[in-house]
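Working notes, structure below.
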Amino acid sequence: MPDLLTVTGATRRFGGVYALRDVDLDVRAGETHAVIGPNGAGKSTLFKLIGGQLIATAGTIGYDGRRIDRLAPHRRARRGIAIAFQDSPVFHNLSVTENVMVGAHAVTRAGPVAAILRLPRHRRDEVTIRALAADALARTGLTEWADRPAAALPLGQQRALQVARALCGGPRLLLLDEPASGLRGPERTALATLIEQLRADGLSILLVEHDVAFVARLADRVTVLDLGRVIAHGTFAEIREDPAVITAYLGGPR
Amino acid sequence: MKWAYLGVPVVAAVPLLLTPGQLTTFVLLGLSAMTVVGLSLLMGYAGQVSLGQASFTAIGAYTSGLLALHHTPPLLALAAAPIAAGLAAVVVGVPILRLRGHQLAFATLALQLILLSVLGDADWAGGAVGLQGLPYLSIGGFELDDDMDYAYVVLVGVLLVSLIAYHLVHSRVGRGLRALATGEAAAEASGVPVGAYRLLVFAVSAAFAGLAGGIYSFFLGYLAPGSFPVLLSIEYVVMAVVGGLGSVGGALLGAALVTVVVQLLTTLATQPGMPSYAPSVLSYAVYALLLIAVVLFVPRGIVPSLRKSP
Numbered sequence: 001m002p003d004l005l006t007v008t009g010a011t012r013r014f015g016g017v018y019a020l021r022d023v024d025l026d027v028r029a030g031e032t033h034a035v036i037g038p039n040g041a042g043k044s045t046l047f048k049l050i051g052g053q054l055i056a057t058a059g060t061i062g063y064d065g066r067r068i069d070r071l072a073p074h075r076r077a078r079r080g081i082a083i084a085f086q087d088s089p090v091f092h093n094l095s096v097t098e099n100v101m102v103g104a105h106a107v108t109r110a111g112p113v114a115a116i117l118r119l120p121r122h123r124r125d126e127v128t129i130r131a132l133a134a135d136a137l138a139r140t141g142l143t144e145w146a147d148r149p150a151a152a153l154p155l156g157q158q159r160a161l162q163v164a165r166a167l168c169g170g171p172r173l174l175l176l177d178e179p180a181s182g183l184r185g186p187e188r189t190a191l192a193t194l195i196e197q198l199r200a201d202g203l204s205i206l207l208v209e210h211d212v213a214f215v216a217r218l219a220d221r222v223t224v225l226d227l228g229r230v231i232a233h234g235t236f237a238e239i240r241e242d243p244a245v246i247t248a249y250l251g252g253p254r
Numbered sequence: 001m002k003w004a005y006l007g008v009p010v011v012a013a014v015p016l017l018l019t020p021g022q023l024t025t026f027v028l029l030g031l032s033a034m035t036v037v038g039l040s041l042l043m044g045y046a047g048q049v050s051l052g053q054a055s056f057t058a059i060g061a062y063t064s065g066l067l068a069l070h071h072t073p074p075l076l077a078l079a080a081a082p083i084a085a086g087l088a089a090v091v092v093g094v095p096i097l098r099l100r101g102h103q104l105a106f107a108t109l110a111l112q113l114i115l116l117s118v119l120g121d122a123d124w125a126g127g128a129v130g131l132q133g134l135p136y137l138s139i140g141g142f143e144l145d146d147d148m149d150y151a152y153v154v155l156v157g158v159l160l161v162s163l164i165a166y167h168l169v170h171s172r173v174g175r176g177l178r179a180l181a182t183g184e185a186a187a188e189a190s191g192v193p194v195g196a197y198r199l200l201v202f203a204v205s206a207a208f209a210g211l212a213g214g215i216y217s218f219f220l221g222y223l224a225p226g227s228f229p230v231l232l233s234i235e236y237v238v239m240a241v242v243g244g245l246g247s248v249g250g251a252l253l254g255a256a257l258v259t260v261v262v263q264l265l266t267t268l269a270t271q272p273g274m275p276s277y278a279p280s281v282l283s284y285a286v287y288a289l290l291l292i293a294v295v296l297f298v299p300r301g302i303v304p305s306l307r308k309s310p
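These protein sequences, in sequence, are chains A and B.
Counting along the first sequence from 1, when you hit position 111 you're at 111 in UniProt numbering, and nothing is skipped either side.
Counting along the second sequence from 1, when you hit position 273 you're at 273 in UniProt numbering, and nothing is skipped either side.
Rendered as structure tokens:
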């Protein structure tokens, strides 16, 4: 399968400290790829480089055959990269449906003039956006919550809502930042089922995750980071046996 | 929103019931309301405070005034006011909107001080004396020469900016704006061009202020830098906060409430026996007290607090 996302030699330095050093990573079309590693391994930094929230000190990021490492985040979204953040919650001043509708920004264009004058373009886009949102809500099992304020959702549904918002932009690559953190057992299982369903629908997924069991269930391939470097990559079964990974996770002489 | 249309005929009847003095207050109130609708958008959706919003009122007023004095048809001169103010906002907005929080507030304040000092020294703008002998606004040969006419011009203006604001907020762009007000990174990752939207709201808010300034210039017939003090900008901020940010109804209510309260106190302060500094002390004190009371008791502003949360 061809690579959808190719990260080559990604390096990010904060002052004299390397958060990420010479990291290579590729996500193939249709696969679920997990990035794991202990705290401070550079997972979040890598994630932000791909999403555009941070710019790499060195290295390139290719997506769908073109370099994207200098694009602003909203332009990457238009190319088909969608993100569900861990640390930025839902838009709490919007309803569940409106939250999801924001995600359709990436695939619609009606601007301020169309909105102010209520031009046909505005109406057409609104119809499209509503349909996309209804579809994304159905895929994530949130239809019955549609008209609630987003802030009123339980944490598990808030995570699903973030995924729904990401799906509403019709992405090809979905970035999930620790989607399972803070979730209880049943919520965690529901989320895993959702991610499996998205994979079956053909979406490529890059998952940054702390929970190893979650990764074992979902990931086709795993990249392990420690102290900003890739220390192993392969299937879950392969990296589980890797001595470097065992040392990084269990501690010991480095 | 639908019920709001019912308010239009009621408010439209108000000027008929007012004394001439009250009519002047009504016009000034309406002009403030136009500016505050824009400022409320800016503060509520772009999360930015402007302490120099009156500079855009001034730009609009001087644009209309100068064009009208140079024999431009008044209606055209009026139309140029929001355009000039909006363009000015785009030009200064590109560097200024990179600033955050208090920095932007101070930058806009500085902008106004600079503008006032430039206008005060500029011969082409009449210097400290300002522009005088501006013609009346005329529409299709019909000259608008009394306060009652301007009351209705202002009503149309308020309706226009309210409708624009409402349409903008309830649209794809508006959802993006509301999203970026709570989660900038998440909004941007969803495809919302955060910087462009901030600039848009800044320009729209400036255009509203500019239109108000344009009407003001025809209404009063003269302009001077002293007509646009920094206190006016502060007054707009207080109105927006009192009414509730990001709410068209709140902006209108805030403008009305503050104008009426200040008017009552000014009347009180100019009673015989009051010291000469009473009017300014009372107006400053009222802004401060209103702001403190609202922040303490209805931090979201009056109108949003009346509604249930979304």
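Every residue gets a Cβ at the ideal spot worked out from N, C-alpha and C, and that includes glycine.
- Collapsing the DSSP output to three states places isoleucine 61 of chain A in a strand.
- With respect to the 7 Å criterion, threonine 32 of chain A and alanine 166 of chain A are not classified as neighbours on the basis of their beta carbons.
- By the rule that beta-carbons nearer than 7 Å mark a contact, glycine 191 of chain B touches chain A.
- The three-state secondary structure of arginine 21 of chain A, taken from DSSP, is strand.
- Secondary structure at arginine 300 of chain B: coil, using DSSP grouped into helix, strand and coil.
- Per DSSP, aspartate 135 of chain A is one residue of the alpha helix (DSSP H) stretching across 120–139.
- Against chain A, a Cβ distance below 7 Å from alanine 107 of chain B picks out nothing, because the smallest value is about 23 Å.
- Taking 7 Å as the cut-off, the Cβ atoms of phenylalanine 219 of chain B and valine 27 of chain B count as close.
- For valine 102 of chain A, the nearest beta carbon of chain B is closer than 7 Å to its own beta carbon.
- Per DSSP, reduced to three states, the secondary structure at leucine 137 of chain B is strand.
- For alanine 179 of chain B, the neighbours in chain A by C-beta distance under 7 Å run, in chain order, Phe91, Leu94 and Val102.
- Close to glycine 86 of chain B, with beta-carbon spacing below 7 Å, lies no residue of chain A; the smallest spacing is near 12 Å.
- Listed along the chain, the chain A residues whose CB falls inside 8 Å of the CB of isoleucine 164 of chain B are Ile116.
- Under the three-state reduction of DSSP output, leucine 99 of chain B falls in the coil class, being neither helix nor strand.
- Beyond the five residues adjoining it in sequence on each side, alanine 203 of chain B comes within less than 7 Å, by CB distance, of Gly86, Ala89, Val90 and Gly93 in the same chain, given in chain order.
- Excluding residues up to 5 positions away in sequence, Leu41, Leu42, Tyr45, Ala46 and Leu177 lie with their Cβ nearer than 7 Å to the Cβ of valine 201 of chain B in the same chain.
- Cα atoms of alanine 244 of chain A and glycine 234 of chain A: separation of roughly 13 Å, rounded to the nearest angstrom.
- Membership of arginine 78 of chain A in any beta strand (DSSP E) is not indicated; the residue belongs instead to the alpha helix (DSSP H) covering 73–79.
- At a C-beta separation below 9 Å, threonine 35 of chain B has no neighbours in chain A, since its nearest C-beta there lies roughly 18 Å away.
- Listed in chain order, the non-local C-beta contacts of isoleucine 61 of chain A below 8 Å within the same chain comprise Leu5, Thr6, Val7, Thr8, Ala10, Leu49, Ile50, Arg67, Ile68 and Asp69, local neighbours out to five positions each way being set aside.
- Less than 7 Å divides the Cβ of valine 161 of chain B from the Cβ of phenylalanine 208 of chain B.
- Note that the segment 176–186 of chain A does not touch the segment 113–128 of chain A; fewer than 3 beta-carbon pairs, one per stretch, sit closer than 8 Å.
- Annotation: Cβ neighbours of threonine 108 of chain A in chain B (cutoff 8 Å, chain order): Arg172.
- Under the DSSP assignment, valine 35 of chain A falls outside any alpha helix (DSSP H), being part of the beta strand (DSSP E) whose first and last residues are 32–36.
- Using a Cβ-Cβ cut-off of 7 Å, proline 112 of chain A counts as an interface residue toward chain B, since at least one Cβ of chain B sits closer than that to its own.
- Taking every protein chain shown into account, the CB of glycine 103 of chain A has 16 or more other CB atoms within 10 angstroms, so this residue is buried.
- In this structure, DSSP gives threonine 235 of chain A a state outside helix and strand, which the three-state scheme calls coil.
- For valine 118 of chain B, the closest of B/Ile164, B/Ala58 and B/Arg172 by C-alpha to C-alpha distance is B/Ala58.
- Residue contact check for arginine 78 of chain A against chain B: a CB pair falls below 7 Å.
- Interface criterion not met: the Cβ of glycine 182 of chain A is under 7 Å from no Cβ in chain B.
- A contact is defined here as three or more CB-CB pairs under 8 Å, and the segment 230–238 of chain B meets this definition with respect to the segment 50–57 of chain B.
- The secondary-structure analysis by DSSP pairs phenylalanine 228 of chain B with nothing; it has no beta-bridge partner.
- Residue nearest to leucine 191 of chain A within the set A/Gly170, A/Ala164, A/Glu144 and A/Arg172 is A/Ala164 (criterion: CA-CA distance).
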